[in-house]
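In the numbering used here, the protein residues as written are -15 to 82.
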């Protein structure tokens, strides 16, 4: 070391951080992931567009799906729009211009 007390390329980690500290932080992150709110957990299972052509956006929240997906599954963010099994409603509540 050329300058005692200062960082150098010899020390890849700061003196106050140890591998144990990094493991503790990783464990805390894993615990946070396990404690997701119910709504967030449900949204994590949201479907993604299954093709690039014909993608539409929900007019309220902007989620992207195909029209068929909106008709079959509705909008995960806006279930009150009642698009499931209602093609006319799905067409009114979504747009191809986004």
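Beta carbons are placed, not taken as given, at the ideal position from N, Cα and C, and that holds for glycine. Please read all numbers here as calculations on a predicted model, not as lab measurements.
query: Residues of its chain near residue 65, where Cβ-Cβ distance is below 8 Å and the 5 sequence neighbours each way are ignored; result: 42, 44, 58, 59, 73, 77
query: Endpoints, the beta strand (DSSP E) within which residue 40 is located; result: 39 to 42
query: C-beta atoms of residue 38 and residue 51 nearer than 8 Å; result: yes
query: 8 Å Cβ cutoff met for residue 75 and residue 53; result: no
query: Per-residue DSSP class, three states only, for residue 36; result: coil
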